[in-house]
Amino acid sequence: MTVALDINNLHVNIGENRILKGIDLTVREGEIHALMGPNGSGKSTLAYSLAGHPNYEPVAGNVTYDGVNLLDLEADERSRLGLFLAFQYPVAVPGVTVAKFLRQAINARRKALNPEDAGMPIPQFRRLLREKMDALGIDQKFAGRYLNEGFSGGEKKRAEILQMAILQPKIAIMDETDSGLDIDALRIVAEGAVHLHDTNNMGVLVITHYQRILNYVQPDRVHIMLDGRIVESGGPELALHLEENGYDWLREKYGAAEVA
Amino acid sequence: MAELLPFTRASVIQLSSSLNEPEWMLALRLNAWEIYASLPVPTTRDEAWRRTDIRRFKLDSFGISLNGTGASSVEVPNHLGAQLTDDAAGGVLVEVDGVVKEYTLSDELRAQGVIFCDMHTAVREHGDLVRKNFMTEAVRPDEGKFAALHGAFWRGGVFLYVPRGVKASAPLHSALWALHGRTFTHTLVVLDANSEATFMDEYASPAKGEGQALHNGAIELIVRDGASLHYASLQDFGSNVWQFNHECGRVGKDGKLDWITSVMGTRLTKAFQTSQLDAPGAWARMSGIFFTNGRQHVDLDTQQNHNAADTTSDLLYKGALRDQSRSVWQGMIKALPDSQRIDGFQANRNLMLDRTARADSIPGLEIQADDVRCTHASTVGKLDEEEIFYLMSRGIPRNDAVRMVIQGFFDPVMQRIPFEGVRNRIFGRILEKIG
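Here the protein sequences come in this chain order: W and U. Numbering-wise (this note's numbering), the first sequence opens with residue 1 and increments by one. Numbering-wise (this note's numbering), the second sequence opens with residue 1 and increments by one.
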């Protein structure tokens, strides 16, 4: 059966402020959706809310993943179900190496399935890591570095895709994974995501400002957010339309305040 | 249980005589006794003790026992003295309340001329070597009340000597188990010119002992010209122990001292730790790890003394604190007027795991030379929830994520410890304390 991430009338607050004002969106395995919209429209809030960040408080609506009420689950449980967020701003964790972190993440999954599990054998883990790093053009030395610490923008984004490739989610949210990447890095990162889509039937929600990543990760559906709501949905042509016309026509159409 | 002698001049004489000590050691003890008797117990009015109040510690209720506690019948926990280093240890010494319980030294090290034995054997059999170095230039009895008390009543401990030009073929390891709550161990390491050694020095006692216990230790690390010492002291005393330590390393021309301190146990620890860089090219790295919980109080008073030009010191102390525990780190880098072209670094970083814990971090510089490179840094921070969320977002449960962040916090210091076994031992203790 196909897994679906089903968002119904989701309202989310940060502190006292209502940021999401009724989001409806369904992303199924194997589908690619693009989510666009001006800065401040709530795209990243949606991403963090789905991943389970404690500062984002759902106040109305619901989200199910494979029929399970996602909002009742901690961030780690959501991840183990098969949901993945590629962060716009990956967090540095000093003192924890990339390899140690990935191994812990893999073993957390195995242990959740079987409490007796002793963890992935180290040689098998090393092979897996090497293979995925090679595929993304990441230097092997990377595994020994502290997670995201001192990484360039491009290295951080590649590290996110490396995690995605190793954890093999069923549905991934990519939050402005294209920002700060040069054209070569963008291609590698985008191809990494497309590969998982093609081979694992991964569903993807691509959050972006630009058409260029969508040239690689070609969406089935494009949605536009404005002021905490999805105001337009359409096919790939909608992204091209935005690229040419910007957001002003939307603001006029929906009466939203000018966003800086 | 052996009879307890009070801290008196007569007890000093009785102790020395029961150990069949030479005249010079008795003289050293009596000199220390005079200093002890002349000094008041430190109070928070003394600058070095301003943040450490020991009024609740009943020093007068302590004393010494002459005949030890029958070390042969005492069970020492298996993990103490167990192999911690990657190679088999070249020498192992286990003591109970200052009395030898287990002792081995490899033939290879013996053939190299390495001396590794308990301190009393050293006084008897290597008198000249010990007399020259014992509380003469590293730790001195006149440094304070507790240095003097130690000088008068020291008992047990370890002596390591590596002859000129010798690279000790294997690491040395000692474990001092304090069972009856009064230990005065003395560690003396002398590395002669151009020699090398690695030495793990462990201190422990039952986790929950009864009543107040006292550890009054001294550690002297003497690194002659061109010699290189890796030294780690791992302290894991029970929660009833009050520890007062004086520790000092002296480093000669082009000598290297890599000094690691791990403080896990005790009710209260007050330790003075000093590196003396005595000649050009001397290098000292001081690395500290501490984790306090409950009502623990740890006060580490460090000095990096650049007594000569072209010397380097680098200090990094990292601590995590839980519950109502408290830590104090006061660090000082000193440079004499002629100590040009020195590098002196110090950093203390504290991770507060509970709001009720408190860390005081007080760096200091006293630089009289002008061509120097000195930096200091101190931070007191909390667990970063964004880091924890990031780890959780990859499926790692919260408890494991917290442990990873804490382990990561200590990692830069852990990486300075050359043996995985030692790193695992320390981190295992930290995990227990995280709970």
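Heads up, the beta-carbon is just placed ideally off N, CA and C, and yes, glycines get one too.
Spatial neighbours of residue i within its chain, please: CB distance less than 8 Å, with the 5 preceding and 5 following residues excluded, ordered by chain position.
i       : result
I406(U) : A320, L351, L353, L383, I430 and I434
N133(U) : L188, V190, E220 and I222
Q218(W) : I32 and P236
G364(U) : Q330, G331, M332, I333 and H376
L66(U)  : A2, E3, L5, Q14, L15 and S18
E366(U) : M332, I333, K334 and A335
N114(W) : none
P40(U)  : K145
F427(U) : Q407, F410 and M414
E191(W) : Y216
N107(W) : D117, G119 and M120
R9(U)   : L30, W33 and A37
Give every residue of the same chain whose Cβ lies closer than 6 Å to the Cβ of residue i, excluding the five residues on either side of it in the sequence, and list them in chain order.
i       : result
R285(U) : D258 and D314
L214(U) : F62, R182 and W242
V259(W) : Model confidence at V259(W) stands at a pLDDT of 48, short of 50, so the residue's coordinates are unreliable; what they give is reported in the following sentence. P38 and G40, listed in sequence order.
M119(U) : G157, F159 and H186
F116(U) : G91, L105, L160 and L172
I35(U)  : P141, D142 and A148
L300(U) : A271 and W329
S233(U) : D201 and T261
G180(W) : G153
What is the residue span of the beta strand (DSSP E) that residue i lies within?
i       : result
V231(W) : R229 to G234
R267(U) : Segment: none, R267(U) is in no beta strand (DSSP E) and carries neither H nor E.
G331(U) : R326 to A335
K256(U) : K256 to V263
R285(U) : W283 to T292
G154(W) : Looking at the DSSP string, G154(W) is not in any beta strand (DSSP E); the run it does join, the alpha helix (DSSP H), is G153 to L167.
V158(U) : G157 to V162
A308(U) : No beta strand (DSSP E) contains A308(U), which DSSP labels as neither H nor E.
W177(U) : L172 to W177
N245(U) : V241 to V251
E385(U) : E385(U) -> not in any beta strand (DSSP E); alpha helix (DSSP H) instead, spanning E385 to M392.
S179(W) : Element bounds for S179(W): n/a, residue is neither H nor E.
A60(W)  : Y56 to Y65
D343(U) : I342 to M352
D314(U) : T312 to L321
R221(W) : R221 to L226
Which residues in chain U have a C-beta closer than 8 Å to the C-beta of residue i? List them in chain order.
i       : result
V93(W)  : E387, Y390, L391, M404, V405 and G408
L167(W) : R394 and G395
P54(W)  : E385 and F389
At 9 Å on the CB atoms, spell out the chain U contacts of residue i, in chain order.
i       : result
D76(W)  : L391, M392, S393, R394, G395, I396, P397, R398, D400 and A401
S79(W)  : M392, S393, R394, G395 and I396
A108(W) : R394, G395, I396, P397 and D400
Could you pull out every residue in the same chain whose Cβ sits closer than 7 Å to the Cβ of residue i, ignoring the five residues on either side in sequence?
i       : result
D53(U)  : T44
R224(U) : L191, D192, A193, G252 and G255
F244(U) : F146, N216 and K270
I417(U) : A232, I260 and R423
List, in chain order, every chain U residue whose beta-carbon is nearer than 7 Å to that of residue i.
i       : result
Q104(W) : I396, D400 and M404
L85(W)  : S393
A51(W)  : S393
Q163(W) : R394
From which residue to which residue does the alpha helix (DSSP H) around residue i run?
i       : result
P412(U) : R398 to M414
D184(W) : I183 to N200
I439(U) : Here chain U covers residues 1 to 435 and nothing more, so residue 439(U) does not appear.
V48(W)  : The question names Val, yet the displayed sequence has Tyr at residue 48(W). From DSSP, the alpha helix (DSSP H) with Y48(W) extends over K43 to A51.
V98(W)  : V98 to L113
K58(U)  : Counting along the chain, K58(U) falls outside any alpha helix (DSSP H), and DSSP gives it neither H nor E.
D128(U) : G127 to N133
R80(W)  : A75 to L81
Anything in chain A within Cβ reach of residue i, meaning under 9 Å, just list it in chain order.
i       : result
D354(U) : The displayed structure is made up of protein chains W and U, and chain A is not among them.
Quick one: which chain W residues come within Cβ less than 7 Å of residue i?
i       : result
P412(U) : G95
Report the start-end ranges of each beta strand (DSSP E) in the region 203-233 of chain U that is 3 residues or longer and not cut off at the edges. Listed in chain order, the complete beta strand (DSSP E) runs (minimum 3 residues) inside the region 203-233 of chain U are 213-223.
Three or more C-beta pairs under 8 Å: does that hold for the region 82-94 of chain W against the region 114-128 of chain W? In short, these stretches do not touch, since the Cβ pair count stays below three.
Any contact between the region 125-138 of chain W and the region 155-169 of chain W? By contact I mean 3 or more CB pairs, one from each, below 8 Å. These segments touch.
Spell out a yes or no on whether the region 160-180 of chain W and the region 45-52 of chain W are touching, meaning 3 or more CB-CB pairs, one atom from each, closer than 8 Å. Judged by pairs of C-beta atoms under 8 Å, the region 160-180 of chain W touches the region 45-52 of chain W, as three or more such pairs exist.
Indicate whether the contact test is met: 3 or more Cβ pairs, each with one atom in the region 391-400 of chain U and one in the region 72-88 of chain W, closer than 8 Å. When C-beta atoms of the region 391-400 of chain U are compared with those of the region 72-88 of chain W, three or more pairs fall below 8 Å, so the two segments count as touching.
With three or more C-beta pairs closer than 8 Å as the rule, is the region 49-69 of chain W touching the region 247-256 of chain W? No, the region 247-256 of chain W does not touch the region 49-69 of chain W.
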